[in-house]
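Chemist:
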Amino acid sequence: MTDGAPTDLLHVDLSAGSVERERLPDRWLAEYVGGKGLGARYLYDRLEPGTDPLGPANYLLFTLGPLSGLLPGEPQFAAITRSPLTGTFLDSYSGGEFASSLVGALGGALGVAITGQADEPTVLEIADGTATLSPADDLWGRDVVETCDAFEGAVACAGPAGENRVRYATIASDGGDHHAGRGGAGAVMGAKRLKAVVARGSQPEPSREVAALRDEYERRYREHDVGRWHAASATLETVDFADEVGVLSTRGWQEGSFDGAADIGIDAVREAAVAREADGDSEIPGGFRVETEAGESVPRGATPMSLGAGLGIDDFDAVAALGQDCDRLGIDVISAGNAVAWTVRAVEAGIVDVPDAPDALGSTPDFGDEEAARGLIDAIAHREDGVPDALADGVEAAAERLGGADLVPTIKSMELPAYDPRGSPTMALAYATSDRGACHRRSLPAETEVFEGDSWDDTDRVRLVIREQTITSVLWSLIADDFAGAVLEDDLGAEWLSTVDATAPTDPAELLRVGERTWTLTRLFNVREGFDASDETLPSVFERPLAGGPASGDAIDTDWFDGLRRRYYAARGWNEEGIPTRDLLDRLDLLDVVDDDTPVAGRDSIARRSD
């Protein structure tokens, strides 16, 4: 991204085979900035209610922010669409070489918006601010590594799971080292027969003023608690943390602590690591690169949590290899781990008989059995008949079809990450109110609640979740690095935006309003699709006392939680059904955005605005 204000998107219609450059309304750029905010505004404006997420009318956006390529840390992009897993608004993020190349390839545009469906497998190549479409028949069926190796340039692609429309397929990039992971954006690519997006570009040189600002913020990051933590252990330390405080989902949500945690935690990772992901002199060193029999991989914290503790597997090499299989297939490790855990528990309960296809699965899945887990995940990615095909639509859909709805928790049809809210009840509120389904990336109160929560009341819990959701909405509109973004929280990037000739506001208070506006708009999108308070109740799993670990015996009282959620709605300016009020929309300049299909508390109908 050059110094200056990008104002365009590339618009790709796969059905028509056309590529155009689309000018964005100035008001959108000022009120939503980029990334998540801009994607939410675009999607709300362009999608008709009830659009099939896997149909040609759905949009898939790859968006940047006004500071992409300038901020410290690695550039990231947002994949934005309507989720095929949840039916909600979906934004998912990924960094690395593809994101870095996309900044230069787009030639000052803020992203690319893709609609339609190609007649045959297709690749979209972006360079010098233009895009071209070409056939990709020879790539269909190839895994992520093979697909990325087929091109010169940085690649984001759908793996076999995306081709087969597994509803939690990822968009994989950089040979599977990075993924826009949760919610199934890769399935949208597969449904559109868009096998890959190739970006050829390099980040432009920043101005002297921007370069000096970057140096200063890198210094701040080195001295920040997050910077020190990331340099020491990155996300892999979350296994040890979650186990120590008793919130580590273990063996299919039956326990809160794993007796093999030390064997898959940060010490095991450091012992197995051959390098850090980034160069040795990088301020943001990235994850730990480890060697497995299948080659090198970069496991993230979710890998040992969901595929290790969640499946009762305490061999680090086996866990890393499982994660690498998911990476090559292009399938979300959190949802995949939950799918295997559900299957084990469903077999134990006599609900399903697995394997129906022993040649594919190898053996009946059991906790601690890495080979059976590997076979089942591969079968899911390829939609083998029977249980794997059912699980390809998500745990909730499989349970509706086969039984076992109370075995593994989901919220808004999304499988939960491995932080058990019975040991951190504020996590329950964060999961339930997340705009894309159960997610720890919008708010992660477990990191502070286990140490400070004894002094909290429900007002404190609500305030923390709202603050974190709103701030992440700002930072993901800027699309700051996951970790280096911590040094932007004081002024939300205002100093950067005032240095760069950007359309975005440069006042921290107004940027906070951008975050609140964006969060409210994603809520309006979901409300328009029929979501309300009934979709934000807790799974019955959490009414049962947790076994094992420091939080043993803890459970969540549903009456208490319902009251907490109502407090959250009131603090957000929503009614008791979770629908934003007219007064809130007026305050956030959203009254003329909502359309007649969107319920709004306090009015019968509001005409849709035109831009």
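So this note's numbering is basically just the index in the sequence shown, starting at one, shifted up by 5.
In this text, a Cβ means the ideal position worked out from N, Cα and C, and glycines have one as well.
Remember, predicted model here, so these are calculated numbers, not experimental data.
Touch check for the segment 374-381 and the segment 424-435: three-plus C-beta pairs under 8 Å?
Modeler: Contact between the segment 374-381 and the segment 424-435 is absent, because fewer than three Cβ pairs lie under 8 Å.
Chemist: Do Leu516 and Leu497 have their C-beta atoms within less than 8 Å of each other?
Modeler: Cβ distance < 8 Å, so Leu516 and Leu497 count as in contact.
Chemist: Ala166 by DSSP, collapsed to three states: which one?
Modeler: Helix.
Chemist: Alpha carbons only, please: which of Thr91, Tyr37 and Thr12 is nearest the one belonging to Gly112?
Modeler: Looking at the Cα atoms, Thr12 is the closest of the given residues.
Chemist: Within 8 Å, do at least three Cβ pairs link the segment 341-357 to the segment 292-299?
Modeler: Because the criterion of three Cβ pairs below 8 Å is not met, the segment 292-299 and the segment 341-357 do not touch.
Chemist: For Pro80, does the count of other Cβ atoms within 10 angstroms reach 16, so buried, or fall short, so exposed?
Modeler: Classification of Pro80: buried, given that the 10 Å Cβ count is 16 or more.
Chemist: Along the beta strand (DSSP E) that carries Lys417, what are the first and last residues, could you check?
Modeler: Segment: none, Lys417 is in no beta strand (DSSP E) and carries neither H nor E.
Chemist: For Ser178, list the residues DSSP reports as bridge partners.
Modeler: Per DSSP, Ala161 and His183.
Chemist: Just to check my reading of the structure: Gly313 and Ile269 have Cβ atoms closer than 8 Å, yes? What is that Cβ distance to the nearest angstrom?
Modeler: 4 Å between Cβ atoms; contact.
Chemist: Can you say whether Pro363 is buried or exposed, counting buried as having 16 or more other CB atoms within 10 angstroms of its CB?
Modeler: Because Pro363 carries a pLDDT of 45, less than 50, the predicted location of this residue cannot be relied on, and no value is offered for it.
Chemist: With a cut-off of 8 Å, do at least 3 Cβ pairs link the segment 151-168 to the segment 38-45?
Modeler: Segments in contact, no.
Chemist: For Leu19, is the classification buried or exposed, using 16 other Cβ atoms within 10 angstroms of its Cβ as the cut-off for buried?
Modeler: By the 10 Å Cβ count, Leu19 comes out buried.
Chemist: Given a threshold of 16 other Cβ atoms within 10 Å of its Cβ, counted over all protein chains shown, does Val605 qualify as buried or as exposed?
Modeler: Its Cβ being crowded by 16 or more others within 10 Å, Val605 is buried.
Chemist: Excluding sequence positions up to five away, which residues of its chain have a Cβ less than 6 Å from the Cβ of Gly109?
Modeler: Counting only Cβ-Cβ distances below 6 Å, and skipping sequence neighbours, we find Gly206, Ser207 and Gln208.
Chemist: Can you tell me where the alpha helix (DSSP H) holding Tyr98 begins and where it ends?
Modeler: Careful: Tyr98 lies outside any alpha helix (DSSP H), inside the beta strand (DSSP E) at Phe94 to Gly100.
Chemist: Would the C-beta of Thr464 count as close to the ligand ATP, meaning under 7 Å from any of its heavy atoms?
Modeler: Questions concerning the ligand ATP fall outside what the structure shown contains, since it holds no ligand whatsoever.
Chemist: Once you ignore the five residues that flank Asp463 on each side, which residues in its own chain have a CB closer than 7 Å to its CB?
Modeler: Excluding residues within five positions, the ones whose Cβ falls inside 7 Å are Leu569 and Arg572.
Chemist: CA-CA distance, Thr56 and Gly442?
Modeler: Distance between the alpha carbons of Thr56 and Gly442 is about 18 Å.
Chemist: Could you name each continuous beta strand (DSSP E) segment of 3 residues or more that falls completely within the segment 24-76, going from the start of the chain to the end?
Modeler: Correct list: 65-68.
Chemist: For Ile1, which of helix, strand or coil comes out of DSSP?
Modeler: Any answer about residue 1 is impossible in this case: the structure gives the chain only from 6 up to 616.
Chemist: Select from Trp579, Asp248 and Asn169 the residue whose C-alpha is nearest the C-alpha of Ile336.
Modeler: Ranking the options by Cα distance to Ile336, first place goes to Asn169.
Chemist: Leu15 by DSSP, collapsed to three states: which one?
Modeler: Reduced to three states, the DSSP call for Leu15 is strand.
Chemist: From the DSSP output, in three-state form, read off Asp440 for me.
Modeler: In this structure, Asp440 counts as strand in the three-state DSSP scheme.
Chemist: Answer yes or no: do Gly191 and Thr175 have a C-beta to C-beta separation smaller than 8 Å?
Modeler: In this structure, Thr175 lies closer than 8 Å to Gly191 by Cβ.
Chemist: What's the gap between the Cα of Asp588 and the Cα of Trp145?
Modeler: The alpha-carbon atoms of Asp588 and Trp145 are separated by roughly 50 Å.
Chemist: Drop a sphere of 10 angstroms on the beta-carbon of Phe263, count the other beta-carbons inside from all chains shown, and report buried for 16 or more, exposed for fewer.
Modeler: Per the 10 Å Cβ criterion, buried.
Chemist: Along the beta strand (DSSP E) that carries Val345, what are the first and last residues, could you check?
Modeler: From DSSP, Val345 is part of no beta strand (DSSP E) but of the alpha helix (DSSP H) over Val338 to Glu353.
Chemist: Use the C-beta contact count for Trp565: other C-beta atoms within 10 angstroms, 16 or more gives buried, fewer gives exposed.
Modeler: Classification of Trp565: exposed, given that the 10 Å Cβ count is below 16.
Chemist: Considering just the uninterrupted stretch of the beta strand (DSSP E) at Ser478, what are its terminal residues?
Modeler: No beta strand (DSSP E) contains Ser478, which is instead part of the alpha helix (DSSP H) from Asp463 to Leu483.
Chemist: Alpha carbon to alpha carbon, what distance is there between Ala433 and Trp579?
Modeler: Using only the alpha carbons, I get a separation of about 19 Å.
Chemist: Grouping DSSP H, G and I as helix and E and B as strand, with all else coil, what is Arg281?
Modeler: Correct three-state label for Arg281: strand.
Chemist: Quick one: is Val279 buried, meaning 16 or more other Cβ sit within 10 Å of its Cβ, or exposed?
Modeler: So Val279 counts as exposed.
Chemist: By the three-class DSSP mapping on this structure, what secondary structure does Ala362 have?
Modeler: Note that Ala362 scores a pLDDT of 45, beneath 50, so its modelled location is shaky and nothing firm can be said.
Chemist: Applying the criterion that 16 or more other CB atoms from any shown protein chain within 10 Å of the CB defines a buried residue, is Arg333 buried or exposed?
Modeler: Buried, because 16 or more other Cβ atoms sit within 10 Å of the Cβ of Arg333.
Chemist: Sort out for me which residues DSSP pairs Leu116 with in a bridge.
Modeler: Per the sequence shown, the amino acid found at residue 116 is Gly instead of Leu. According to DSSP, which records beta bridges pairwise, Gly116 is partnered with Thr68.
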